[in-house]
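*Asks:* Handing you this structure, nothing more for now.
Residue numbers (my numbering): 4 to 331.
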């Protein structure tokens with residue numbers, strides 16, 4: 004195990020059980036992180052099994068390289084998980100994967116390392132990029148974004164009730180001093196946001212909204228889900244752990260649509276009558292059980308797991324035409 008490995012994987016056994024691991028199967032951990040779920044999957048695999056880890060964070064990839072060196076069944080790839088179709092195609096396994104795991108959100112090391120700029124609890128550069136080698140840091144975006152742009156991000160991605168008030172304060176205050184540190188933004192939220200939920204830092208929703216926007220997180224989830232259908236073999240499982248309602252809603256609606264055949268209806272030429280048989284489509288995926296939440300014991304051991312939700316689906320049919328080649 005690599006030095007510094009301190010991340011506690013959320014819903015570890017529930018997620019891996021949801022994949023229904025076959026000893027000789029092929030699996031993809033689309034969010035390798037620090038390898039907690041990957042190590043459990045490898046424990047369940049036999050000598051002929053195979054696991055591909057994907058992560059956009061170079062530090063996570065570094066941990067993955069160490070695991071790759073010690074276990075020949077494992078391969079790590081530096082990529083966004085939305086590129087899962089491209090990754091698996093390059094490895095010659097697209098359409099043959101028995102299970103995909105996506106653990107969404109930010110890993111504990113990213114939150115705990117001040118220099119990554121994700122946390123309002125640890126002062127550091129206001130960065131928030133999951134891959135520091137691409138895109139722009141949060142500080143740069145905040146230096147030029149308009150009031151309406153900032154308010155939209157805080158409202159739509161952070162679900163912040165005081166989004167407009169916070170946005171106006173950011174634009175006003177940056178004229179005197181730019182927002183370069185996480186403590187700058189957290190301090191403003193503490194002054195501007197009049198009320199907040201008990202036990203929740205007033206900067207929580209602001210940081211969430213900006214982080215999701217900077218990393219295009221919701222679009223990444225949508226692309227990965229669409230691509231997963233073409234990556235999985237029939238009978239393959241998709242297990243997704245989400246951490247807030249925005250992510251979970253995307254996953255839930257995706258599975259529901261796949262249960263309806265991909266689009267929920269066939270394309271009917273405009274003006275022609277619609278018959279019942281025209282609306283019948285073969286399911287592409289099916290839900291496996293109900294959603295799963297962490298136990299009280301897990302929440303006590305790892306408070307960051309409290310908001311997590313696991314959903315599992317199984318591929319039952321061919322991918323609809325508009326998802327077969329889905330890539331980012």
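Built from N, CA and C at the ideal position, the CB exists for glycine as well. Computed from a predicted model, the values in this text were never measured in an experiment.
By how many angstroms is the C-alpha of residue 21 removed from the C-alpha of residue 77?
*Replies:* In the chain shown, counting from the first residue as 1, residue 77 sits at position 74. In the chain shown, counting from the first residue as 1, residue 21 sits at position 18. Cα to Cα, the separation comes out at about 20 Å.
*Asks:* Buried or exposed: residue 83, going by 16 or more other Cβ atoms within 10 Å of its Cβ?
*Replies:* Counting from one through the chain shown, the residue named residue 83 turns up at place 80. Buried: at least 16 other Cβ atoms inside 10 Å.
*Asks:* List the whole-angstrom C-beta distance separating residue 205 from residue 193, where the pair is believed to meet the contact cut-off of C-beta under 8 Å.
*Replies:* Walking along the chain shown from the start, residue 205 turns up at place 202. Walking along the chain shown from the start, residue 193 turns up at place 190. That pair is a contact at about 5 Å.
*Asks:* Starting from the C-beta of residue 222, find all residues in its chain whose C-beta is less than 6 Å away, skip the five residues before and the five after it, and write them out in chain order.
*Replies:* By 1-based counting over the chain shown, the position of residue 222 is 219. Here the set comprises nothing.
*Asks:* Is it true that the segment 58–71 meets the segment 233–240, where meeting means three or more beta-carbon pairs spaced less than 8 Å apart?
*Replies:* no
*Asks:* Would you call residue 218 buried or exposed, if buried means 16 or more other Cβ atoms sit within 10 Å of its Cβ?
*Replies:* For this step, residue 218 is matched to residue 215 along the chain shown. Buried, since its Cβ has 16 or more Cβ neighbours within 10 Å.
*Asks:* Going along the chain, which unbroken runs of the alpha helix (DSSP H) with 4 or more residues stay wholly within the segment 97–153?
*Replies:* 111–115, 141–147
*Asks:* Between which two residues does the beta strand (DSSP E) carrying residue 79 extend?
*Replies:* Taking the first residue of the chain shown as 1, we reach residue 79 at position 76. 77–81 is the extent of the beta strand (DSSP E) around residue 79.
*Asks:* With respect to the alpha helix (DSSP H) encompassing residue 213, which residues constitute its N-terminal and C-terminal limits?
*Replies:* If you number the chain shown from 1, residue 213 lands on position 210. Residue 213 -> alpha helix (DSSP H) spans 207–217.
*Asks:* With 7 Å as the threshold, decide whether the Cβ of residue 258 is near any Cβ in chain B.
*Replies:* Although the question refers to chain B, the structure presented lacks it and comprises just one protein chain.
*Asks:* Classify residue 256: buried if its beta carbon has 16 or more other beta carbons within 10 angstroms, exposed otherwise.
*Replies:* Locating residue 256 in the chain shown gives position 253, counting from the first residue. Exposed, since its Cβ has fewer than 16 Cβ neighbours within 10 Å.
*Asks:* Quick check on residue 46: buried or exposed, where buried means 16 or more other Cβ atoms within 10 Å of its Cβ?
*Replies:* Position 43 of the chain shown, counting from 1, holds the residue named residue 46. It counts as exposed.
*Asks:* Are the CB atoms of residue 302 and residue 293 within a distance shorter than 7 Å?
*Replies:* For this step, residue 293 is matched to residue 290 along the chain shown. For this step, residue 302 is matched to residue 299 along the chain shown. Going by C-beta atoms, residue 293 is not nearer than 7 Å to residue 302.
*Asks:* Kindly confirm or deny that the segment 196–215 and the segment 142–161 touch, where touching means at least three C-beta pairs closer than 8 Å.
*Replies:* yes
*Asks:* Would you mind giving the Cβ-Cβ distance between residue 311 and residue 244, rounded to the nearest angstrom? I have them listed as a contact below 8 Å.
*Replies:* As a working mapping, residue 311 is identified with position 308 in the chain shown. As a working mapping, residue 244 is identified with position 241 in the chain shown. The pair is a contact, with the Cβ atoms about 6 Å apart (cut-off 8 Å).
*Asks:* Do you know offhand how far residue 96's Cα is from residue 288's?
*Replies:* In the chain shown, the residue the question calls residue 96 occupies position 93. In the chain shown, the residue the question calls residue 288 occupies position 285. In a straight line, the C-alpha of residue 96 is about 20 Å away from that of residue 288.
*Asks:* Specify, as a first and last residue, the run of the beta strand (DSSP E) that residue 322 falls within.
*Replies:* As a first step, residue 322 is located in the chain shown; it is residue number 319 there, counting from the start. No beta strand (DSSP E) holds residue 322; DSSP gives it neither H nor E.
*Asks:* Just to confirm, is the Cβ distance from residue 127 to residue 185 under 7 Å?
*Replies:* If you number the chain shown from 1, residue 127 lands on position 124. If you number the chain shown from 1, residue 185 lands on position 182. Against a cut-off of 7 Å, the Cβ pair of residue 185 and residue 127 comes out as a contact.
*Asks:* Three Cβ pairs or more, each shorter than 8 Å: is that satisfied between the segment 99–116 and the segment 170–177?
*Replies:* Touching, no, given that fewer than three Cβ pairs across the two stretches are closer than 8 Å.
*Asks:* Quick check: the Cα distance between residue 51 and residue 319, rounded to an integer number of angstroms?
*Replies:* Along the chain shown, one-based indexing puts residue 51 at 48. Along the chain shown, one-based indexing puts residue 319 at 316. Rounded to the nearest angstrom, the two C-alpha atoms are 25 Å apart.
*Asks:* Restricting to Cα atoms, I'd like to know which of 23, 30, 11 is closest to residue 291.
*Replies:* Taking the chain shown and counting its residues from 1, one reaches residue 291 at position 288. Comparing Cα positions, the closest option is 23.
*Asks:* For residue 304, count the other beta carbons within 10 Å of its own beta carbon; 16 or more makes it buried, fewer makes it exposed. Which is it?
*Replies:* Working through the chain shown from its first residue, we reach residue 304 at position 301. Under the 10 Å beta carbon count, residue 304 is surrounded by fewer than 16 other beta carbons and is classified as exposed.
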